[in-house]
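2 protein chains.
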Amino acid sequence: MAVTIKDVAKKANVAPSTVSRVIADSPRISTDTKKRVRKAMKELGYHPNVNARNLAVRSSKAIGVIMPSSAETALQNPFFPEVLRGVGTVAHETEYSLYVSTGGNDQQLYEEVKRMVYGHRVDGIILLYSRMNDAIMDFLVEEKFPFVVVGKPYENESSITYVDNDNVSASKDVTNHLIDFGHTAIAFIGGTTDLVVTKDRELGYEQALKDAGIPYNEDYIIHDEFSRSSGKKAVEQLLTLNHPPTAMVLTDDMMSLGVINMLEEFGLECPDDISITSFNNLYLSEITRPPLTTVDIQIYKLGIQGAKCLIEQLQSKDEPAKRVIVPYAIKHRSSTKRLHSND
Amino acid sequence: MAVTIKDVAKKANVAPSTVSRVIADSPRISTDTKKRVRKAMKELGYHPNVNARNLAVRSSKAIGVIMPSSAETALQNPFFPEVLRGVGTVAHETEYSLYVSTGGNDQQLYEEVKRMVYGHRVDGIILLYSRMNDAIMDFLVEEKFPFVVVGKPYENESSITYVDNDNVSASKDVTNHLIDFGHTAIAFIGGTTDLVVTKDRELGYEQALKDAGIPYNEDYIIHDEFSRSSGKKAVEQLLTLNHPPTAMVLTDDMMSLGVINMLEEFGLECPDDISITSFNNLYLSEITRPPLTTVDIQIYKLGIQGAKCLIEQLQSKDEPAKRVIVPYAIKHRSSTKRLHSND
DNA sequence: TCTTTAAATATAAACGCTTACATTTTAATG
DNA sequence: CATTAAAATGTAAGCGTTTATATTTAAAGA
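Top line first, the protein sequences correspond to chains A and B. Position 256 of the first sequence, counting from 1, maps to 256 under the UniProt record's numbering, and the rest follow consecutively. Position 247 of the second sequence, counting from 1, maps to 247 under the UniProt record's numbering, and the rest follow consecutively.
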């Protein structure tokens, strides 16, 4: 077997507890013995066994990252890798490990979270999505297990720590941008309605219309998954309307890609025939034709902040529930155009 | 504290060992007591503590997934999430957990791997890249730690289990496709040269040229990271040549995106002015304009197979080194065009 | 020099599980 | 009905740490 604390102890002529204490760099050990023990560790090639340690201290120094269940489409959206990168950065700094979910469907995911929690696999969890009546979130609050959500909780908002953008305001801003450009027939294409983020962005869209005195048109509202195929479907639906929109507020860059593609099939050009605003500012959004006017929600920062909050929560037991709002910024590119100014 | 095996034992009036055996569904326990114990577990809400279990059995039922160090650019390429999805699928089926690397630079990553290995955090490792003189891979063989690589090892090829495509052949095929279309001025833009995959694809490209009797032109070969910005740089370099190429073999869809974008800035259209073949068949590749003719390397399957191989290796100690070649398929779309047939 | 106190280290009991081995119970055999 | 074998369960020793408590050693005070 591998070399243990006892081997080191023997070699350095001390008790195992002493070795343990020099690992923890306890001030109760004289610098002399510390040196001696460290030498022995080096010579033997000692490395602590985390399982044993975790068992003794009842923690795992690991955090679980839960992505939406529909792994099929979820992981395909660069949003997730990008938050993950943020989370990973602070995890690395603080020497936490990252456990990621693998569940394919809702049920599997739920089982997996239970395994993480009950099995003491992780000390805390980061939820990378937020939807209504989510069994997993309910479970976590029920169990009083430390977690933070990236996005806004659909309930218990004040008692759950979360990091989010001000999506209402962001959505209002882009809609206003479209209105400023003279558009009044503005469609909204968002993700599934059970996602809190969709709700918020729709709300912002509505507020902007209302403020501008533009009547709300139900036909202009479409909800679907975040994916390219759904984007296509959405376009089809809108373009066959009597009064097709001249602009659209989309809530995801990937979706926008699909929409623009579909538009072309219908013989329409963006932004000449239709203006588009988007969300996320994925690295793709500046590479598409046209480059997208999109809301930079600072995905990486969302990840950073989420992880930070969680770890704070883990370090001091009764850290209060926090809310951190990551600022957004609209990237004005070329997917929107002033109405009636066909040059 | 949480409910332990002893609590269950007491409640069910059996010895802890019996409970343990029930958990393992050992045939040595009568169905009667099994039932009784299971009932007790349910009533008490028992869940095994993995740390304790791992310590006892000296394993962790977890596999480590190592992505390239430059997390900045790496995770941005949907290739990685997609393999991860494959890996996750089989991990889930076999009840393994997934540990992912978080290291930002080479050194950090190396440290992390050591922590995984020495700390008994994972039972095996999947390397999601393969480059020359990789300290991590060397470390793993040195330690005789179970691992598989997705990609082809740069050395010890016969003693390391890996899953890969036949990249030489694939690259040859796409190059030939270009040649068939009448192109002779064909450039190659690949990732950094220390990546084995780049080597292979370049080799295929060269072979195709040679077979067709087309002289090798060093100016046509460009190496860089897999990213969009590097793609742009590459284009610039090629177009300012005396005899700029009429076609290019690119080794990554993301790069292709950048290239096409850049081409436009130079006033060139793909495929009218220049033909492009690509690799990976990311979901984007059919959404771009033009949709890319690209090699479908079946990323998801690479992940599936990689995980399968690793787990086989973990289950039976002396599983022989394997090589599994995932078949590729060229997706013919609209980014290539017959030379001189300007319609 | 003898206490008293502080500093340094050792002892041993957890942590929650698995498993080799021992023991008891049950069934089978002559 | 005793004997033996097989089946079912129990006992206890790990797995490699941490940590409360005890012990030893060294320094300080009287």
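C-beta: ideal position from N, C-alpha, C; glycine also.
Collapsed DSSP secondary structure at residue i in the structure displayed
i: Asp343/B; result: Because the pLDDT at Asp343/B is just 42, under 50, the model does not fix this residue reliably, and the value given afterwards should be weighed accordingly. It is coil, neither helix nor strand.
i: Tyr220/A; result: helix
i: Gly213/B; result: coil
i: Lys6/A; result: helix
i: Ala24/A; result: coil
i: Leu250/A; result: strand
i: Tyr99/A; result: strand
i: Arg36/B; result: helix
i: Ala321/B; result: coil
i: Phe139/B; result: helix
i: Ser275/A; result: strand
i: Arg131/B; result: strand
i: Phe147/A; result: strand
i: Tyr283/B; result: helix
i: Leu257/A; result: helix
i: Tyr300/A; result: helix
i: Leu55/B; result: helix
i: Lys331/B; result: strand
i: Ile311/A; result: helix
i: Val326/A; result: coil
i: Phe80/A; result: helix
i: Ala62/A; result: strand
i: Leu178/B; result: helix
Cβ shell of residue i (< 8 Å), same chain only, five flanking positions each side left out
i: Ala321/A; result: Ser158, Ser159, Ile160, Thr161
i: Asp343/B; result: Residue confidence for Asp343/B is low, a pLDDT of 42 falling below 50, so the modelled location carries little weight; the figure read from the coordinates is stated next. Excluding sequence neighbours, Asp343/B sits near nothing in its chain.
i: Ser256/B; result: Gly231, Leu250, Ile276, Ser278, Ser285, Thr288, Leu292, Thr294, Ser335
i: Tyr216/A; result: Glu206, Leu209, Lys210
i: Arg85/B; result: Tyr300, Gly303
i: residue 382/A; result: The structure shown does not extend to residue 382/A, since chain A is modelled only from 1 to 343, so the question has no answer here.
Candidates the options: closest to residue i by CA position
i: Pro290/A; options: Glu269/A, Leu140/A, Ile125/A; result: Glu269/A
i: Pro327/B; options: Thr251/B, Arg338/B, Gln305/B, Glu319/B; result: Gln305/B
i: Val259/B; options: Leu44/B, Lys210/B, Ser17/B, Ile222/B; result: Ile222/B
i: Gly303/A; options: Gly213/A, Lys199/A, Thr89/A; result: Thr89/A
i: Asn105/B; options: Gly86/B, Ala135/B, Glu82/B; result: Ala135/B
i: Leu250/B; options: Glu265/B, Glu225/B, Thr31/B, Asp272/B; result: Glu225/B
i: Val196/A; options: Tyr216/A, Val168/A, His340/A; result: Val168/A
i: Ala170/A; options: Pro215/A, Tyr216/A, Met41/A, Asn280/A; result: Asn280/A
i: Arg338/A; options: Lys317/A, Leu310/A, Asp273/A, Val235/A; result: Asp273/A
i: His144/B; options: Lys331/B, Lys317/B, Pro245/B; result: Checking the sequence, you will find Lys at residue 144/B rather than His. Looking at the Cα atoms, Lys317/B is the closest of the given residues.
i: Gln108/A; options: Val141/B, His92/B, Gln237/B, Ala24/B; result: His92/B
i: Ser69/B; options: Lys199/B, Glu112/B, Gly267/B; result: Glu112/B
Contact set for residue i: own chain, Cβ-Cβ below 6 Å, skip 5 residues either direction
i: Met67/A; result: Ala74, Phe80, Ser101, Leu128
i: Ala247/A; result: Leu178, His183, Ile186, Ser275
i: Thr193/B; result: His223
i: Ile311/A; result: Thr94
i: Arg333/B; result: Pro291, Leu292, Thr293
i: Pro27/B; result: none
Same chain, Cβ closer than 7 Å to residue i, neighbours up to 5 away in sequence not counted
i: Asp219/B; result: Leu241
i: Ala208/B; result: Lys172, Thr175, Asn176, Ile179
i: residue 344/B; result: This structure does not reach residue 344/B, given that chain B is present from 1 up to 343, and the question cannot be answered.
i: Asn165/B; result: Ile297, Ile325, Val326, Tyr328
i: Lys34/A; result: Val22
Beta-carbon gap between residue i and residue j smaller than 8 Å
i: Ile126/A; j: Val37/A; result: no
i: Val122/B; j: Ala62/B; result: yes
i: Val50/B; j: His120/A; result: yes
i: Phe139/A; j: Gly124/A; result: no
i: Tyr110/A; j: Ser130/A; result: no
i: Gly213/A; j: Glu202/A; result: no
i: Val163/A; j: Cys309/A; result: yes
i: Leu55/B; j: Leu55/A; result: yes
i: Val87/A; j: Ala307/A; result: yes
Contact test: residue i Cβ vs the ligand GDP heavy atom, cutoff 7 Å
i: Cys270/A; result: Judged by which ligands are present, the structure shown has none, so any question about the ligand GDP falls away.
Quiz item: Given 8 Å as the limit, is there contact between the region 166-179 of chain B and the region 113-127 of chain B, that is, 3 or more CB pairs closer than that?
Solution: no
Exercise. Take every Cβ of the region 99-108 of chain A, pair it with every Cβ of the region 98-113 of chain B, and state whether three or more of those distances are shorter than 8 Å.
Key: yes
Quiz item: Can we say the region 280-287 of chain A touches the region 4-23 of chain B, given the rule of at least three CB pairs closer than 8 Å?
Solution: no
Quiz item: Is the region 10-23 of chain B in contact with the region 11-31 of chain A, if contact means three or more CB pairs nearer than 8 Å?
Solution: no
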